[in-house]
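Heads up, the thing below is written out as structure tokens.
Numbering (UniProt numbering), first residue to last: 1 to 72.
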């Protein structure tokens, strides 16, 4: 039973997460030779104030909206 934990910044729509879930489920099932029903996907979403790299919070480093199409 594959358990896939996706960590990302908040801001994606339910539609985007659904599309991602469908794609990753199909790929995992095919590659791992399991039924799609056995694949679990969990999203952990974080505020940019709770995520840092290189010693700087992402809210400071990148600003609001960074990572969304058209927002870079």
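We put the beta carbon where it would ideally sit given N, CA and C, even for glycine.
- Taking residue 26 as the centre and dropping the five residues before and after it, the same chain places no C-beta closer than 6 Å to its C-beta.
- The Cβ atoms of residue 2 and residue 23 do not sit closer than 8 Å to each other.
- Shown here, residue 7 sits in a strand according to DSSP, grouped into three states.
- Taking the Cα of residue 4 as reference, the smallest distance to any Cα among 13, 40 and 15 is reached at 40.
- Listed in chain order, the alpha helix (DSSP H) runs fully inside the stretch 7-52 are 14-32, counting runs of at least 4 residues.
- Inter-residue distance for residue 10 and residue 33 is about 31 Å (C-alpha atoms, whole angstroms).
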